[in-house]
Amino acid sequence: MKGMRNGFLRTRVYSWTAGVALATLIMGFSAVPSYASEVSEAAVPKQAEIETSAAIGSFEDEGNPHNYIQPAANGGFLVLNIEHNTEASVAHVTYGKLDSSLEGVWKHELDLNVQSGASSRGVQRETSDGGSLLLIDYTKPDGIRELQASRLNADGNAVWSRTLQTDGLASHGHNSLIGLEPLADGGFLVSSLNLDEQVFTVLKYSETGEELWNRAKDGVASGWLVGNHDGYYALMNSPHGPVGVQADVYGREIRNINFDLGSGKDIAEVRELPGGHIAVTGLKGNSKRTQILSNGLQLFGDTEDYPSDRVYLPEEQVYVRFSDRYDPLGSTTKMHGITITGLKGNGTKVWETTTHYKEDNSFGIRYDTGLIYKIPTGYALVTSTSGSAQKPVVLDFAKIWIPE
1 MKGMRNGFLR
11 TRVYSWTAGV
21 ALATLIMGFS
31 AVPSYASEVS
41 EAAVPKQAEI
51 ETSAAIGSFE
61 DEGNPHNYIQ
71 PAANGGFLVL
81 NIEHNTEASV
91 AHVTYGKLDS
101 SLEGVWKHEL
111 DLNVQSGASS
121 RGVQRETSDG
131 GSLLLIDYTK
141 PDGIRELQAS
151 RLNADGNAVW
161 SRTLQTDGLA
171 SHGHNSLIGL
181 EPLADGGFLV
191 SSLNLDEQVF
201 TVLKYSETGE
211 ELWNRAKDGV
221 ASGWLVGNHD
231 GYYALMNSPH
241 GPVGVQADVY
251 GREIRNINFD
261 LGSGKDIAEV
271 RELPGGHIAV
281 TGLKGNSKRT
291 QILSNGLQLF
301 GDTEDYPSDR
311 VYLPEEQVYV
321 RFSDRYDPLG
331 STTKMHGITI
341 TGLKGNGTKV
351 WETTTHYKED
361 NSFGIRYDTG
371 LIYKIPTGYA
381 LVTSTSGSAQ
391 KPVVLDFAKI
401 WIPE
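For the sequence shown, the UniProt record's numbering gives the first residue as 1, with consecutive numbering after it.
The following block contains the structure:
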């Protein structure tokens, strides 16, 4: 998915039918998850193990970690990080690919001359031919904001690199969010949400990076863009609630519908699934609900409400719960204890693992970033380490090993 918190859309409320339920069973998505008040202790969960794995790097775009990690179609991940050298006024960009064991496949680096103190952000996405697109939004030393795009082959080498034309873009820069979506025709979409003006802009580019058209929408608080073979979908939060738009290859709206995620929930996450399905998760307070959408934003399946400390993985029909506490280890030491549990829809524990780190006021580690992916040996989990306000956030992978 080409995740950015940007938006646009309006959506009709769909009813749940027996036919949809049957289709859900056929496709393997569960439609009946529930709260874990029904936790069954009868089955002993598998004792999983967790270990630190590949480092992703530091970045300053704290609200959009999904832009820096992209699951690859054949397993593995594309990873990106941007680190600023303020003294040299340089943004150091590292981008690469990991295999499904989180071992490095290739890695490349580049330096961009930037305006001192200005922020930079980026996004990398896989293309249908096994290559990728890389987009960097940065400010040049003369104060001009630029979008630099690069098309990479399967080994990460640049086929071309150019500054994109941004005619029609209301604004981009410090308080904006970017998104990138490769398309099957070889072209790609770039989206930008200006948070101050709440203007969401989608721009279409050709296979060689030439601008073809642009579309803008007002009144968008946050949203996500998903490419489609004959256009795109945009999902967003608006003053009228969660909405969705389906557009054709020219960006013209075909469908504009309102979502009912239940109990006043707003969209908090959008995730692409195999087979062209989209998982949309709504959040309000301590409650979440996930809907599975098929072609045309039709409701394909949904969950009941579940607690916000969990991440639902539709492909696995598993909820991953994160909890933390202070655990006494010995007479004088306190450790921060993180327990991660895989749950079925009825609350039964499938697997569980616990890890600790020494409590320290200078840094903190988050395991509940919401970025967790299935790999052959279990799960790949993205952790986030933050320190003082002057230090960037550091992302790392952790492996959760699930015994056979």
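Quick reminder that beta carbons are idealized off the backbone N, C-alpha and C, glycines included.
Identity of the residues DSSP links to residue i by a beta bridge
i: Gln291; result: Val280, Asp302
i: Pro307; result: Ser287
i: Gly223; result: Met236
i: Asp324; result: Ile338
i: Ala91; result: His84, Leu112
i: Gly231; result: Asn228
i: Ala158; result: Leu152
i: Ser132; result: Glu126, Leu152
Range covered by the beta strand (DSSP E) that runs through residue i
i: Ile50; result: 49-59
i: Phe259; result: Premise fails: Phe259 is in no beta strand (DSSP E) and is neither H nor E.
i: Lys399; result: 393-401
i: Glu62; result: Looking at the DSSP string, Glu62 is not in any beta strand (DSSP E), and its letter there is neither H nor E.
i: Leu297; result: Per DSSP, Leu297 belongs to no beta strand (DSSP E) and is neither H nor E.
i: Asp266; result: 266-272
i: Pro242; result: 241-247
i: Tyr68; result: Counting along the chain, Tyr68 falls outside any beta strand (DSSP E), and DSSP gives it neither H nor E.
i: Leu80; result: 77-85
i: Lys140; result: Run containing Lys140: none; DSSP gives neither H nor E here.
i: Leu212; result: 211-218
i: Thr166; result: Thr166 -> no beta strand (DSSP E), and no H or E assigned at all.
i: Arg252; result: From DSSP, Arg252 is part of no beta strand (DSSP E); its letter is neither H nor E.
i: Glu316; result: Per DSSP, Glu316 belongs to no beta strand (DSSP E) and is neither H nor E.
i: Glu146; result: 145-152
Minimum C-alpha distance to residue i - residue among the options
i: Pro403; options: Phe397, Val394, Thr377, Thr383; result: Thr377
i: Gln124; options: Ser287, Gln317, Tyr68; result: Tyr68
i: Asn237; options: Ser323, Val226, Leu135, Gly219; result: Gly219
i: Gly186; options: Leu297, Asn256, Glu210; result: Glu210
i: Gly264; options: Pro274, Val270, His240; result: His240
i: Asn228; options: Leu297, Val280, Arg289; result: Leu297
i: Ala73; options: Asn85, Glu60, Glu126, Val79; result: Glu126
i: Leu283; options: Leu189, Tyr312, Tyr326, Lys46; result: Tyr312
i: Leu381; options: Ile400, Pro392, Ile365, Lys391; result: Ile400
i: Gly347; options: Val318, Gly156, Gly364; result: Val318
i: Phe188; options: Glu207, Lys374, Val79, Lys288; result: Glu207
i: Glu316; options: Leu169, Trp213, Ile375, Asn175; result: Ile375
i: Gly262; options: Gln291, Ser176, Asn81, Arg162; result: Gln291
i: Val114; options: Ser128, Asp142, Lys97; result: Asp142
i: Thr52; options: His84, Glu269, Thr303, Ile365; result: Ile365
i: Gly130; options: Gly156, Lys107, Ile136; result: Gly156
i: Gly63; options: Leu164, Gly342, Glu269, Arg310; result: Glu269
i: Asn286; options: Leu180, Leu164, Asp266; result: Asp266
i: Glu49; options: Ile82, Glu304, Gly342; result: Gly342
i: Ala184; options: Tyr205, Asp61, Ser176, Gly387; result: Tyr205
i: Ala54; options: His336, Ser176, Val79, Gln47; result: Val79
i: residue 406; options: Thr303, Thr369, Thr281, Val280; result: Here the chain has residues from 1 to 404 only, and residue 406 is not among them.
i: Arg289; options: Asp305, Leu169, Gly275; result: Asp305
i: Ser386; options: Tyr373, Tyr367, Ala398; result: Tyr367
i: Gln70; options: Tyr373, Leu110, Asn258, Phe259; result: Tyr373
i: Ser176; options: Arg162, Asn194, Leu169; result: Asn194
i: Pro182; options: Pro307, Arg151, Ser161; result: Arg151
i: Ile338; options: Gly345, Lys344, Thr353; result: Thr353
i: Leu371; options: Phe77, Gln47, Glu60; result: Phe77
Whole-Å CB distance - residue i paired with residue j, under 8 Å assumed
i: Ala154; j: Leu133; result: At roughly 13 Å, the Cβ-Cβ gap does not stay under 8 Å, so Ala154 and Leu133 are not in contact.
i: Ser116; j: Ser89; result: 5 Å
i: Asp99; j: Val93; result: The Cβ separation is near 22 Å, so there is no contact.
i: Pro45; j: Lys391; result: Pro45 to Lys391, Cβ: 36 Å. No contact.
i: Gly223; j: Phe200; result: 6 Å
i: Val226; j: Ile178; result: Rounded, the Cβ-Cβ distance is 15 Å, inconsistent with contact.
i: Leu235; j: Val190; result: 17 Å between Cβ atoms; not a contact.
i: Pro242; j: Leu273; result: Not a contact, Cβ separation roughly 18 Å.
i: Arg252; j: Gln246; result: Arg252 to Gln246, Cβ: 10 Å. No contact.
i: Leu112; j: Tyr138; result: 6 Å
i: Asp167; j: Asn214; result: 7 Å
i: His66; j: Ser120; result: Actually they do not touch by this definition, with Cβ atoms about 17 Å apart.
i: Leu135; j: Gly122; result: 6 Å
Residue i at chain D interface by Cβ criterion, 9 Å
i: Gly156; result: Of the protein chains in this structure there is only one, and it is not chain D.
* **Segments of 4+ residues assigned as alpha helix (DSSP H) that fall wholly inside the region 340-384** => none
* **Segments of 3+ residues assigned as beta strand (DSSP E) that fall wholly inside the region 178-207** => 188-194, 199-205
* Within the region 96-126, note down every full beta strand (DSSP E) run reaching 3 residues or more, in order along the chain. => 104-113, 121-126
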